[in-house]
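Under my numbering, the residues of the sequence shown are numbered -8 to 127, in order. For every residue, glycine included, the Cβ atom is placed at its ideal position computed from N, Cα and C. Keep in mind that this is a model prediction, so the values were computed, not measured. Input: a single structure, listed below in structure tokens.
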Amino acid sequence: QLVAAASGKAGSSGVGGIGDKGVAAVLLTAVPFVCAAICAVLLGHRSQRLREKAAHTAVPYLTAALLFIVFPFAAACGGAAAFACLVLAITALTAPNAILNSLASAVSQGPSAAVGLALYNAVGNVGGLLGPWMIG
């Protein structure tokens, strides 16, 4: 029902307000990030239990890349399939961020930790600046 309401196939009950379409769109926007928050906790717990960080970071990122490649085909199948693919991709892309940050601090030990973390932060900031500029 939420997917139908957000795509405009359900009627709006609000007069002069957001109505059903707006509320449904807001609720649908939250779904991937709620899933990502749950998966981040589960992935972090599993990573600590197995004492392995690299694969717990790389596998979700590769999964997200594959899901973004599959997304146009899922969109051709319908809105629900596209939404499910997008939820899984955003979840896989967002969930391992905490593990990646802890991996950066685990790789650099001792006095070089400050330089390593500063370099990690600087590269992320440059990417945040140049990425949108390059895409347009």
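Alpha-carbon to alpha-carbon, residue j and residue i
i: residue 27; j: residue 85; result: 6 Å
i: residue 32; j: residue 66; result: 29 Å
i: residue 21; j: residue 54; result: 21 Å
i: residue 120; j: residue 114; result: 10 Å
i: residue 109; j: residue 58; result: 31 Å
i: residue 94; j: residue 23; result: 24 Å
i: residue 44; j: residue 38; result: 6 Å
i: residue 133; j: residue 30; result: Only positions -8 to 127 of the chain appear in this structure, which leaves residue 133 out of reach.
i: residue 105; j: residue 73; result: 42 Å
i: residue 96; j: residue 41; result: 18 Å
i: residue 122; j: residue 116; result: 10 Å
i: residue 111; j: residue 127; result: 25 Å
Contacting residues, own chain, Cβ-Cβ under 6 Å from residue i (five flanking each side not counted)
i: residue 13; result: none
i: residue 99; result: 107
Limits of the alpha helix (DSSP H) - the one that residue i falls within
i: residue 70; result: 70 to 85
i: residue 123; result: 103 to 126
i: residue 96; result: 88 to 98
Cβ-based neighbour list, residue i, same chain, cut-off 7 Å, excluding 5 preceding and 5 following
i: residue 35; result: 89 and 90
Cβ pair count under 8 Å reaching 3, the segment 89 to 104 against the segment 70 to 81: Verdict: no, contact absent.
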